[in-house]
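The structure appears right after this line, and notes come after that.
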Amino acid sequence: MSDIVKTLHYDVDPKDFDSVGEASGKTKNVLRQLGFPPEVLRRVAIAMYEGEINMVIHANGGTADVEISPKQIKITLKDNGPGIPDIEKAMQKGYSTASEEARSLGFGAGMGLFNMDTYADELNITTKIGVGTTVEMIIRT
Amino acid sequence: MTVSDLINKLDLKLVAGADGLDHAISGCYICDLLSLVMSNSSSGNVWVTVQTNINVVAVAALTDAACVVIAENSQLEPIAVSKADKEGIAVLSTHMTAYEIACKLKDVL
């Protein structure tokens, strides 16, 4: 799109529960500086944070790319993880395959994809077993 | 009411994030599951939890929580203390349970 005002790129570290949330936190700060309203910041923060967590818990990290334009924020999360065998099941509220370690830290509520679907205007998931998953979310402003 | 006022009224201990002491408080949310906190808490809330890892600070920052109250004398992890100081998220500690905190908050908020 020609009206993109800014693009952001982050590497999401594998298995690093201590840095998860950095990409979404930085993105939120950039959007705040650009003057987007609080509700847009909130929706982007929730959707992107959930995606980041999923990449750390289920895949071996990955990349997060953000395209910011006046009318929409597009977030693309790409990993080379195991893929999602049953997307329909994974989308269900409360369904989780998170590890005990992740659960002990307060993750694994089975709300990740559900929240992403709720707070993004568009959610597209492309996944292939053994190859990886790409999640594309659009949040309209 | 600010975070400073809350510390005085409920006899809480500041363990990190002194730059957040002047944040205004509007309501409370209690939960230990981060996805629920992300989704259901509101800006300006006091967030009460027994989670103590660094992700608590990340979620508090993302949701614009006024402050975090760690219940039952749980100890915030050192790496989380550093992040809370950096982000200016006030983290408070108390011996009270989440229920006891909620009862007291009802009287002061």
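As you go down the protein sequences, you meet chains V and W in turn.
The first sequence begins at 1457 in this note's numbering and counts up by one.
The second sequence begins at 3 in this note's numbering and counts up by one.
A virtual CB, placed ideally from N, CA and C, is assigned to each residue, including glycine.
- Per DSSP, reduced to three states, the secondary structure at V17 (chain W) is strand.
- Between L23 (chain W) and V110 (chain W), the alpha-carbon positions lie close to 17 Å from each other.
- The criterion of a C-beta distance shorter than 8 Å is not satisfied by Q1489 (chain V) and I1595 (chain V).
- For T1574 (chain V), the enclosing alpha helix (DSSP H) starts and ends at 1568-1575.
- Straight-line measurement puts the Cα of I1531 (chain V) at about 13 Å from the Cα of T1597 (chain V).
- If you look at M1593 (chain V), you'll find it in the beta strand (DSSP E) that goes 1588-1596.
- Runs of the alpha helix (DSSP H) lying entirely within the segment 1492-1558 of chain V and spanning at least 4 residues, in chain order: 1494-1514, 1543-1547.
- Considering only beta carbons, the part of the segment 17-40 of chain W lying closer than 7 Å to chain V consists of D34, L35, L36, S37, L38, M40, in chain order.
- For G1586 (chain V), the closest of V:H1514, V:K1484, V:R1499 by C-alpha to C-alpha distance is V:H1514.
- Runs of alpha helix (DSSP H) with 4 or more residues, each lying fully within the segment 9-77 of chain W, are found at 36-42, 56-64, listed in chain order.
- V1500 (chain V) is not a Cβ neighbour of K1482 (chain V), given a cutoff of 8 Å.
- The criterion of a C-beta distance shorter than 8 Å is not satisfied by G1568 (chain V) and L35 (chain W).
- For L1579 (chain V), the enclosing beta strand (DSSP E) has its first and last residue at 1578-1584.
- The residue among W:K108, W:C69, W:W49, W:T65 with its C-alpha nearest the C-alpha of V5 (chain W) is W:C69.
- Counted as a single uninterrupted DSSP element, the beta strand (DSSP E) harbouring D1467 (chain V) occupies residues 1462-1468.
- Just measuring C-alpha positions, the residue of V:E1592, V:G1588, V:M1593, V:V1461 sitting nearest I1524 (chain V) is V:V1461.
- Residue contact check for N57 (chain W) against chain V: a CB pair falls below 8 Å.
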